[in-house]
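K.L.:
Residue numbering for the sequence shown follows my numbering, beginning at 1 and increasing consecutively. Using N, Cα and C, we set each Cβ at its ideal position, and we do this for glycine too.
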Amino acid sequence: VGDKSKGTVESDAKQVICSIENADGNKKADSIQCIRDNNASKPKRLDHVLEIRAKQQEKLERSVKSTRQQQKKKRQAIHSSFDDDAADEAYERRRNLIIAEEKALLQQKQHQAQQQSQLQLQQEEDRAQQQALRELEEMERMAILQQQDVEYQEALIRDQERAQKQTLENEIKSRREVAIEQAKQRLVAAGVQNNSGITHDESAKGAIGNEDTIKVRLLLPSGRRVEGTFSAHHVMGLVYDLALLILDSEHLLWNQEYISQDIQQKHGVEDSRHETIGSAGVDSCGYNDARTGWKQIFYSFSLVITFPPQSFDNLNMALGECGIGSSAMLMVVVESD
């Protein structure tokens, strides 16, 4: 539209100039013809007329020149106006382009900053997760180590308990063997005869006189009856020795569970293990002390008369002093767990 308007204005300007030149030419021709006529009619006034016409011509030329200058200024103004509009449009276009580029650059920077922020946040989350994972692994490792340490300590304690139990079992077994053997030796040395076949010593026959013989029959928990021949001066401890041998032969004095209970409950066994029944003979400590030692390694048992009810707990008392006569039936009562 601007270019079209510009061409139209230029065309109009050219037409105006051409019309002015044509008018000037006609006027000039008319002036020359008039001068010729005047010269012909009035030769005297020719110089004056020529001078006037020259002035008019000069004035006309000045007018034409002024008109041309004005038209030129108008054309320049028009061209200047067209140049300013184009410059404004170009400036506006450039300004809009710069604004668009700045906006795009700002958006790109914002996008990059957002991506960088998200990347940093993701990296921080990854580091936090890795740290948490390492802490969890460390906690699991410590828990495993603690569990292994606990299991090791428990296994060590069990091994120690097993070793201690085995040691005590072996010691108790040894003490039982010693106690049985010494009871047997005491019966043989005293010349006690019995029908159990446990003790038999030909040299001990006849050691007990007929006048002070006491027949003692033992009634065992199994129903078995064993008879022993004692002297009146023999102590009740020898009868307990015979009962001990019979109970041991029938496996009524102890069992494996009783050994475990010994270890768990009868802690006095280890404290008194050096005071064995064999070393503490009847002459040194008496049968009452021997019976106390028996309770640490055997089931506790006692000898009683059912009618009239009577128990014999003093093992150092002679049979003649117990009031059982020349013959007695004693029941063996075992206090097993």
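Can you tell me whether R93 is helix, strand or coil according to DSSP?
P.N.:
Position 93 of the sequence shown, counted from the first residue, corresponds to residue 93. Helix, per DSSP.
K.L.:
Is it true that the stretch 234 to 247 meets the stretch 308 to 321, where meeting means three or more beta-carbon pairs spaced less than 8 Å apart?
P.N.:
These segments touch.
K.L.:
What does the alpha-carbon distance come out to for the pair E161 and A143?
P.N.:
The sequence position of residue 161 within the sequence shown is 161, counting from 1. The sequence position of residue 143 within the sequence shown is 143, counting from 1. Each residue's Cα considered, the two are about 26 Å apart.
K.L.:
With DSSP as the reference, label M331 as helix, strand or coil.
P.N.:
On the sequence shown, position 331 is the one that residue 331 refers to. M331 falls in the strand class under three-state DSSP.
K.L.:
Where do the N-terminal and C-terminal ends of the beta strand (DSSP E) with V226 fall, by residue?
P.N.:
Locating residue 226 in the sequence shown gives position 226, counting from the first residue. That run of the beta strand (DSSP E) goes R225 to S231.
K.L.:
Less than 8 Å between the C-beta atoms of L220 and I246, yes or no?
P.N.:
For the purposes of this step, residue 220 is identified with residue 220 of the sequence shown, where counting begins at 1. For the purposes of this step, residue 246 is identified with residue 246 of the sequence shown, where counting begins at 1. Yes, they are a contact pair.
K.L.:
Is F298 buried or exposed, if buried means 16 or more other CB atoms sit within 10 Å of its CB?
P.N.:
On the sequence shown, residue 298 is found 298 positions in, with the first residue counted as 1. Answer is buried; the Cβ neighbour count reaches 16.
K.L.:
Are V334 and L252 touching if we call contact CB-CB under 8 Å?
P.N.:
Within the sequence shown, residue 334 is the residue found at index 334, counting from 1. Within the sequence shown, residue 252 is the residue found at index 252, counting from 1. Yes, these two residues count as a Cβ contact at 8 Å.
K.L.:
Ignoring anything shorter than 3 residues or poking outside the stretch 48 to 77, list the beta strand (DSSP E) runs there in chain order.
P.N.:
Whole beta strand (DSSP E) segments, 3+ residues: zero.
K.L.:
Using alpha carbons as the reference points, say which of R94, Y287, A328 and L156 lies closest to F307.
P.N.:
On the sequence shown, position 307 is the one that residue 307 refers to. Checked all of R94, Y287, A328 and L156; the closest Cα to F307 is A328.
K.L.:
Which of the three DSSP states, helix, strand or coil, is assigned to L218?
P.N.:
On the sequence shown, position 218 is the one that residue 218 refers to. Strand, per DSSP.
K.L.:
Going by DSSP in three states, I198 sits in which element: helix, strand or coil?
P.N.:
Locating residue 198 in the sequence shown gives position 198, where the first residue counts as 1. Three-state result, I198: coil.
K.L.:
Using a threshold of 8 Å, state whether the C-beta atoms of T229 and S326 are closer than that.
P.N.:
Indexing the sequence shown from 1 puts residue 229 at position 229. Indexing the sequence shown from 1 puts residue 326 at position 326. Contact flag unset, no.
K.L.:
So R291 packs on L330, CB below 8 Å; how close in whole Å?
P.N.:
The count along the sequence shown starts at 1 and reaches residue 291 at position 291. The count along the sequence shown starts at 1 and reaches residue 330 at position 330. Not really, about 15 Å apart at Cβ, beyond 8 Å.
K.L.:
With a Cβ-Cβ cutoff of 8 Å, do V226 and L303 count as a contact?
P.N.:
For this step, residue 226 is matched to residue 226 along the sequence shown. For this step, residue 303 is matched to residue 303 along the sequence shown. No; because the gap between Cβ atoms is not below 8 Å, this pair is not in contact.
K.L.:
From the DSSP output, in three-state form, read off I180 for me.
P.N.:
Walking along the sequence shown from the start, residue 180 turns up at place 180. Correct three-state label for I180: helix.
K.L.:
Can you give the Cα-Cα distance for V188 and I157, rounded to whole angstroms?
P.N.:
The count along the sequence shown starts at 1 and reaches residue 188 at position 188. The count along the sequence shown starts at 1 and reaches residue 157 at position 157. Using only the alpha carbons, I get a separation of about 46 Å.
K.L.:
Taking the alpha-carbon of V192 as reference, which of A179, R217 and I98 has the nearest alpha-carbon?
P.N.:
Here residue 192 refers to the residue found at position 192 when the sequence shown is read from its first residue. For the residues A179, R217 and I98, the minimum Cα distance to V192 belongs to R217.
K.L.:
Could you check which residue in E51, L121 and R186 has the C-alpha nearest to that of L244?
P.N.:
In the sequence shown, the residue the question calls residue 244 occupies position 244. Answer by Cα proximity: R186.
K.L.:
Can you find the residues in the same chain that come closer than 7 Å, C-beta to C-beta, to V95, ignoring five residues on each side of it along the sequence?
P.N.:
As a first step, residue 95 is located in the sequence shown; it is residue number 95 there, counting from the start. Residue identity check: residue 95 is Arg in the sequence provided, not Val. Taken in chain order, the list of residues that qualify is empty.
K.L.:
What do you get for G293, buried or exposed, if any count of 16 or more other CB atoms within 10 angstroms of its CB means buried?
P.N.:
Within the sequence shown, residue 293 is the residue found at index 293, counting from 1. Counting Cβ neighbours within 10 Å, G293 comes out buried, since at least 16 surround it.
K.L.:
Measuring CB to CB, does K184 end up less than 8 Å from I198?
P.N.:
Mapped onto the sequence shown, residue 184 falls at position 184. Mapped onto the sequence shown, residue 198 falls at position 198. The answer is yes: Cβ separation under 8 Å.
K.L.:
As a quick exercise: from S174, H111 and V332, pick the residue whose alpha carbon is nearest that of E250.
P.N.:
Taking the first residue of the sequence shown as position 1, residue 250 is located at position 250. For the residues S174, H111 and V332, the minimum Cα distance to E250 belongs to V332.
K.L.:
Does the beta-carbon of N170 have 16 or more other beta-carbons within 10 angstroms, so that it is buried, or is it exposed?
P.N.:
Here residue 170 refers to the residue found at position 170 of the sequence shown. It counts as exposed.
K.L.:
The alpha helix (DSSP H) spanning I246 covers which residue range?
P.N.:
Indexing the sequence shown from 1 puts residue 246 at position 246. M236 to S249 is the span of the alpha helix (DSSP H), which, as asked, contains I246.
K.L.:
Do you know offhand how far K4's Cα is from L106's?
P.N.:
Locating residue 4 in the sequence shown gives position 4, counting from the first residue. Locating residue 106 in the sequence shown gives position 106, counting from the first residue. Summary for K4: the model assigns pLDDT 47, below 50, so the residue's position carries little reliability; its value from the coordinates is reported in the next sentence. If you take the alpha carbons of K4 and L106, they lie about 40 Å apart.
K.L.:
Could you give the distance in angstroms between the alpha-carbon of S300 and the alpha-carbon of L168?
P.N.:
For the purposes of this step, residue 300 is identified with residue 300 of the sequence shown, where counting begins at 1. For the purposes of this step, residue 168 is identified with residue 168 of the sequence shown, where counting begins at 1. Going from the Cα of S300 to the Cα of L168 covers about 19 Å.
K.L.:
Taking the straight line between their C-alpha atoms, what separation do you get for G223 and E151?
P.N.:
Your numbering for residue 223 matches position 223 in the sequence shown. Your numbering for residue 151 matches position 151 in the sequence shown. In a straight line, the C-alpha of G223 is about 50 Å away from that of E151.
K.L.:
Could you pull out every residue in the same chain whose Cβ sits closer than 6 Å to the Cβ of E51, ignoring the five residues on either side in sequence?
P.N.:
Start at 1 with the first residue of the sequence shown, and residue 51 comes out as number 51. Once the five neighbours on either side are set aside, E51 has no close Cβ partner at all.
K.L.:
Taking R176 as the reference, give the member of D248, D159, I305 and R141 with the closest Cα.
P.N.:
Locating residue 176 in the sequence shown gives position 176, where the first residue counts as 1. Looking at the Cα atoms, D248 is the closest of the given residues.
K.L.:
From what residue to what residue does the beta strand (DSSP E) around F298 run?
P.N.:
Sequence index remark: in the sequence shown, residue 298 carries index 298 (1-based). First-last for F298: undefined, no H or E at that position.
K.L.:
For a test of the three-state rule: what should DSSP assign to I305, helix, strand or coil?
P.N.:
In the sequence shown, counting from the first residue as 1, residue 305 sits at position 305. It is a strand residue.
K.L.:
Rounded to a whole number of angstroms, what is the C-alpha to C-alpha distance between A190 and E154?
P.N.:
Within the sequence shown, the letter at position 190 stands for residue 190. Within the sequence shown, the letter at position 154 stands for residue 154. Each residue's alpha carbon lies about 52 Å from the other.
K.L.:
Which residue comes first and which comes last in the beta strand (DSSP E) that contains S311?
P.N.:
Against the sequence shown, residue 311 aligns to sequence position 311. Q310 to F312 is the span of the beta strand (DSSP E), which, as asked, contains S311.
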